[in-house]
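Mapping to the working numbering: the sequence shown position 172 is 179, numbers consecutive. Just so you know, even glycine gets a beta-carbon here, dropped at the ideal spot from N, CA and C. Below is one structure, written out as structure tokens; the observations come after it.
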Amino acid sequence: MDKIQIIGGSKLQGEVTISGAKNAALPLIASSILVNGKINFTNVPDLMDIRSIRLLLEDLGAECNVLSPGCLEVDGSAIHKIEAQYDLVRKMRASILVLGPLVAKFGHAKVSMPGGCAIGARPVNMHLAGLEALGATISIEHGYIEAKADRLIGNEIYFDMPTVTGTENLMMATTLAKGKSILRNAAREPEIVALAQALNQMGAKIEGAGTAIITVEGVDKLHPADIKIIPDRIETGTFMVAAAATEGDVLIKGCEPDHIGGIISKLKATGALVETFKESIRVKGSRTVKSIDIKTLPYPGFPTDMQAQFMTLMTIANGNSMIHESVFENRFIHANELLRMGADISITNGNLASIRGVKELQAAPVMASDLRASASLVIAGLIAKGTTLISRVYHMDRGYEAIEKKLSLLGADIKRIT
Ligand code: EPU
């Protein structure tokens, strides 16, 4: 299994270009199921999760071709299978995104129930309740969710809390339902807006995406379109924190500053200089990192996907900080690895971290537990004294395109050991 070796101490300097957003690309690729014809996706990141959704669609019968780097053509016309198998779904929870499109298009879907996850229980009850509200009959047997409906019928759906993939699944399903649907307390992430815009390009009638109330007027069919994936806001934030933590000076290009207001505000509060331009951001770290408090929330609140990276920054802050993780119940596993590197962190009730800044981190062998935890350990390795060896980097490969190459170009001493 690959490992990442980092010799800490280099200040990141130079320019880096952000890739397309994993969490925007996944629902968009799943939406190909709704369409008869070839959809051309551009700015698709080269990631393990993208390969997983591609394999899943191919298994259903879709034709997927990489036309050039970042350019993926998906033709869902030949889909003949409605079953997403355990072996494919267990590799990536976001596979649940095929459920809504399959039942909307074929009136029948069978998707392996996503299992446990390192960061929390992550149930899919709201996805299922939404489909039931649209008239689908749902059963769960032998580890599979089965949804059936002659044709979905538009209805009002209320989410108990904003769910990103739940909103995406229901937005895709209601697109082909008969009549009007209203999704209330919907998630408002930029990835939801990107999906709504793409579906509208394909002929859907969706209004309100980006607000808590989304209205969908069902249509009989969708047509192909050319879709460009938006920049990855979490990759952007990760490079911003890496620049600040190493007291570097980095121009982050090809990003969307409007999508990361919370990250920008919080990073500025730590003392970093953050300048925003139309599609780029410059971050210049300061010698002293100020301690700040953070609470993760659904968008436009501070993203849970940036919590681990900010925790690493706070380990070397001047003072004490509190991080309250309110989205997932078990997303502090990286804290134990940071402790091994000399950080001073204590956790209360599983979701409240108290971090007392230390002078420096020390390199150590550490283990990644999930995607964003792996990013926090990479940042820790960049600032720690000595050589850090991170294992289980397959978590990182799910969501960061060529991260070690991008960091090397910024002057980091980082390499992959295979
Ligand atoms: N929830 C339920 N029932 C449901 C659905 C969600 O109780 O039916 C709960 C979850 O357990 C969680 C909260 O609602 O406590 C919010 O979860 P959400 O459904 O929004 O998360 P998700 O859609 O499974 C997406 C991203 C995650 C990101 C979260 C939160 C994708 C493919 N995944 O997950 O990304 O952390 O939203 O922003 O979009 C990552 O990229 O590393 C990642 C984990």
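What residues in its chain sit with their C-beta under 7 Å from that of residue i, if we drop five residues either side in the sequence?
| i | result |
| --- | --- |
| LEU396 | LYS10, GLN12 and PRO372 |
| SER84 | ASN43 and GLY44 |
| GLU139 | ILE145 |
| GLU344 | VAL373, MET374 and LEU384 |
| SER26 | PRO52, ASP239, GLU242 and GLU408 |
| GLU196 | VAL171 and TYR306 |
| VAL73 | LEU79 |
Which of the three DSSP states, helix, strand or coil, is assigned to residue i?
| i | result |
| --- | --- |
| TYR93 | helix |
| ALA128 | coil |
| LEU64 | helix |
| PRO121 | coil |
| HIS115 | strand |
| GLY364 | coil |
| ASN72 | strand |
| ILE57 | helix |
| THR394 | strand |
| PRO52 | coil |
| GLU214 | strand |
| LYS29 | helix |
| ARG347 | helix |
| VAL226 | coil |
| GLY16 | coil |
| ILE386 | helix |
| ILE86 | coil |
With distances taken between CB atoms, is the gap from residue i to residue j smaller than 7 Å?
| i | j | result |
| --- | --- | --- |
| VAL134 | ASN176 | According to the sequence shown, residue 134 is His rather than Val. It is a contact, given that the beta carbons lie within the stated cut-off. |
| ARG379 | ALA315 | yes |
| ILE86 | ALA111 | no |
| LEU33 | VAL51 | no |
| CYS262 | THR243 | yes |
| ILE126 | PHE335 | yes |
| ALA375 | GLY393 | no |
| GLU163 | ILE189 | yes |
| ILE390 | GLY21 | no |
| LYS187 | GLU224 | yes |
| PRO108 | MET209 | no |
| ALA382 | THR170 | no |
| ALA360 | ILE330 | yes |
| LEU280 | VAL23 | no |
| SER59 | LYS98 | yes |
| SER272 | ILE299 | no |
| MET348 | ALA409 | no |
| GLU411 | ARG423 | yes |
| ALA203 | ALA216 | yes |
| LYS302 | SER333 | yes |
| MET313 | LEU274 | no |
| ALA143 | ALA136 | no |
| VAL290 | ALA342 | no |
Pull the bridge partners of residue i from the DSSP assignment, please.
| i | result |
| --- | --- |
| HIS331 | LYS302 and LEU359 |
| ASN47 | GLU80 and ASP233 |
| ARG438 | The structure shown does not extend to residue 438, since the chain is modelled only from 8 through 425, so no value can be given for it. |
| ASP404 | None; ASP404 has no bridge partner. |
| LYS413 | Bridge partners of LYS413: none, in fact. |
| LYS422 | GLN12 |
| THR24 | LYS260 |
| MET374 | SER398 |
| GLN369 | LYS392 |
| VAL248 | Paired residue(s): none; VAL248 is not in a bridge. |
| VAL105 | DSSP, once it has assigned bridges, lists no residue as partnering VAL105. |
| VAL42 | LEU229 |
| SER353 | SER361 |
Report all residues from its chain with a CB closer than 6 Å to the CB of residue i; omit the five preceding and five following residues, and keep chain order.
| i | result |
| --- | --- |
| ARG158 | LYS185 |
| ALA193 | THR174, ALA219 and ILE221 |
| LYS88 | LEU67 and GLY68 |
| TYR151 | LYS117 and SER119 |
| LYS413 | VAL23 |
Please return the same chain residues whose Cβ sits closer than 8 Å to the Cβ of residue i, not counting the five positions on each side in sequence.
| i | result |
| --- | --- |
| GLU254 | LYS18, GLY292, SER293 and ARG294 |
| ALA201 | ALA28, ALA31, LEU35, ILE236 and ILE237 |
| LEU104 | LEU33, PRO34, ALA37, ILE60, THR172, GLU175, ASN176 and MET179 |
| LEU95 | SER59, LEU62, LEU63, ASP66, SER102 and SER119 |
| LYS260 | GLU22, VAL23, THR24, ILE25, GLU286 and SER287 |
| GLY364 | VAL296, SER298, MET321, THR322, ILE323, ALA324, ASN325, GLY326, ASN327, SER328 and ASP351 |
| SER415 | ILE421 and LYS422 |
Checklist entry - Which ranges would you report for the alpha helix (DSSP H) in the stretch 132-200 if only whole runs of at least 4 residues count? => result Residue ranges of uninterrupted alpha helix (DSSP H) with 4 or more members, entirely inside the stretch 132-200 and ordered along the chain, are 132-140 and 171-182.
Item to check | Contiguous alpha helix (DSSP H) assignments of at least 4 residues, all confined to the stretch 250-325 | outcome: 268-276 and 314-322
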